[in-house]
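The structure appears right after this line, and notes come after that.
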Amino acid sequence: MYNTMKKFYLPLIAGAMALSFAACGGQKSANGRESVELTGAGATFPLPFYNMSFENYNATSGDKISYGGIGSGGGVRNLKDGIVDFAGSDAFLSDKEMAEMQPVVHIPTCMGAVVMAYNLPDVVKLNLSGDVIADIYAGKITDWNDARLQKLNPDVQLPAKKIILAYRSDGSGTTFIFTDYLSKVSENWKNTYGAGKTVDFPVGQAAKGNPGVAGIIAQTPYSLGYIGSEYAFAQKIPYASVYNKRGELVVPSTESISAAAGDIPQDTRCSITDADAAGAYPISCFTWLLIYKEQHYADRSMEQAKATLDLMQYMLSDSVQQTTATVHYAPLPKKAIEQSLQNLKAVTYDGQPILK
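Using mature numbering (1 follows the signal peptide of the UniProt record, and there is no 0), the letters of the sequence shown map in sequence onto residues -22 to -1, 1 to 334.
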């Protein structure tokens, strides 16, 4: 069933994929087992990092990894349906979602941030606060020269123009991170809209994926939207500094994202938005790869199970973590890596641990 569904759905996923094609290097993997193909899908937030990492892995491992950026919600659905070997998600599964699936292991892969990207002609620096961002997205602040925005930017003459908002149309971990933050800094937002992969935004234009929202902002003067930091950094789209929980005005950067990392629970499911830490950018996050704890499902072979764990260990390795900054992410804290490696030891095939 698994292989049949995979063959059927893979062409659909491929339209959203950035596939990394490389020679598989023969019939054996670098680990001495049969070479296999693994398919993943999900979050677009870490897509540049995954494209780079999976391409490097394909070139050296003997396996072939394909990943489609279809949004966190789509990735989780595909894992639930047995269409993919792993899912990418910027939102950890809720207790309710966990109860609806077989046991899932969350493997964090890197840290990143959601930035407030904007297109304001002649404005090179913009400051925002959480309560103001929440009221903009709630439709309470509609103009760039609103008194509250002007107070945050006393040295800038903001234009008398309507704010053109952009948001995600698809089920999105980026949306979850953003609305999780808004729910922490605004009681009105929490009680009216809440946090989720999809939210009924009252105003704005919808676009699919981080690239879609980034495209609206880049092409539309007087626009504002939330996107993964790497898309703003790489495409040189201006982004705002945001006041954090300690009242510090913080620019999103590798350093300020790393500063937001706090204690990591055993299952690694945690939110680090609005972190109470010096120098922390307030809309920071982890992103995860999700796998089933029991790997023998839907006709999957032991070779596929071993290959899945090999890939997870590779993503946690020093060699990969050291590359995060090259594509505008931040590496995992040591504790997150150690806890994740420990959690992989609990992954089984027919009830027996795969890692010895």
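Idealized CB from N, CA, C, for every residue including glycine.
Measure the beta-carbon distance from residue i to residue j and round it to whole angstroms, keeping in mind my assumption that it falls under 8 Å.
i, j, result
"Ala144", "Val177", "Contact doesn't hold; Cβ gap of about 14 Å is too wide."
"Gly49", "Gly149", "5 Å"
"Gly66", "Pro24", "6 Å"
"Ala95", "Ile261", "That belief does not hold up - the Cβ atoms of Ala95 and Ile261 are roughly 12 Å apart, past 8 Å."
"Ser147", "Ala185", "6 Å"
"Gly256", "Ala237", "The sequence as given places Ala at residue 256; Gly does not occur at that position. The pair is a contact, with the Cβ atoms about 7 Å apart (cut-off 8 Å)."
"Thr232", "Ala303", "5 Å"
"Ser249", "Asp158", "6 Å"
Between which two residues does the beta strand (DSSP E) harbouring residue i extend?
i, result
"Ser44", "Lys42 to Gly47"
"Asn97", "Val82 to Asn97"
"Phe264", "Ser262 to Tyr270"
"Val220", "Ser219 to Tyr221"
"Tyr115", "Where Tyr115 is concerned, there is no enclosing beta strand (DSSP E), although the alpha helix (DSSP H) it sits in stretches over Gly108 to Tyr115."
"Leu16", "Glu15 to Gly20"
"Leu71", "Leu71 -> no beta strand (DSSP E), and no H or E assigned at all."
"Ala144", "Ile142 to Arg146"
"Tyr171", "It is not in any beta strand (DSSP E) - Tyr171 carries neither H nor E in the DSSP assignment."
Could you check if residue i is buried or exposed, using at least 16 other CB atoms within 10 Å of its CB as the buried criterion?
i, result
"Pro331", "exposed"
"Ser164", "buried"
"Phe(-2)", "Low confidence applies here, because Phe(-2) scores a pLDDT of 36, under 50, leaving its location unreliable; read the following figure in that light. Exposed."
"Asp68", "buried"
"Pro243", "exposed"
"Ala138", "exposed"
"Ser72", "exposed"
"Ser201", "buried"
"Lys334", "exposed"
Terminal residues of the continuous alpha helix (DSSP H) containing residue i?
i, result
"Asn36", "Leu25 to Ser39"
"Thr286", "Met280 to Leu294"
"Ser318", "Lys312 to Leu322"
"Gln197", "Gly187 to Gln197"
"Ile235", "Thr232 to Ser236"
"Ser201", "From DSSP, Ser201 is part of no alpha helix (DSSP H) but of the beta strand (DSSP E) over Ser201 to Gly206."
At a threshold of 8 Å, does residue i count as lining the ligand GDP (C-beta to nearest heavy atom)?
i, result
"Tyr115", "No copy of the ligand GDP appears in this structure; indeed no ligand is present at all."
With DSSP run on the structure shown, which of helix, strand or coil describes residue i?
i, result
"Met(-18)", "The pLDDT assigned to Met(-18) is 46, lower than 50, so where the model puts this residue is not dependable; a value taken from the coordinates is nonetheless given after this. Correct three-state label for Met(-18): helix."
"Phe64", "strand"
"Phe159", "The sequence shown places Tyr at residue 159, not Phe. Here Tyr159 sits in helix by DSSP."
"Arg55", "helix"
"Val102", "coil"
"Ser(-3)", "Residue confidence is low: Ser(-3) scores 38 on pLDDT, short of 50, so the model does not pin down where it sits. Its coordinate-derived value is still stated next. Ser(-3) falls in the coil class under three-state DSSP."
"Gln300", "coil"
"Val177", "coil"
"Arg224", "coil"
"Leu127", "helix"
"Tyr307", "coil"
"Ala184", "strand"
"Ile(-10)", "Confidence is the limiting factor: at Ile(-10) the pLDDT is only 48, short of 50, which leaves the residue's position unreliable and the question unanswerable from this model."
"Gly3", "In this predicted model, Gly3 has a pLDDT of only 40, less than 50, meaning its place in the structure is not dependable; the value taken from the coordinates is given anyway. The answer is coil: DSSP assigns Gly3 none of H, G, I, E or B."
"Glu78", "coil"
"Tyr327", "strand"
Would you say residue i and residue j are within 9 Å of each other, going by their C-beta atoms?
i, j, result
"Phe32", "Ser44", "yes"
"Gly175", "Thr198", "Note on residue identity: the sequence assigns Lys, not Gly, to residue 175. No, the Cβ-Cβ distance between Lys175 and Thr198 is not below 9 Å."
"Gly182", "Tyr270", "no"
"Tyr63", "Gln291", "One point to set straight first is that residue 63 is Asp, not Tyr, in the sequence displayed. No, the Cβ-Cβ distance between Asp63 and Gln291 is not below 9 Å."
"Gln299", "Cys88", "yes"
"Asn123", "Asn105", "no"
"Val92", "Pro216", "no"
"Val220", "Ile141", "no"
"Val54", "Leu268", "yes"
"Asp288", "Ser39", "yes"
"Met214", "Ala253", "Looking at the sequence itself, residue 214 is Lys, so the reference to Met does not match. Against a cut-off of 9 Å, the Cβ pair of Ala253 and Lys214 comes out as no contact."
Using a Cβ-Cβ distance under 9 Å, would residue i count as near chain B?
i, result
"Pro81", "Looking at the structure shown, chain B is missing, and only one protein chain is on hand."
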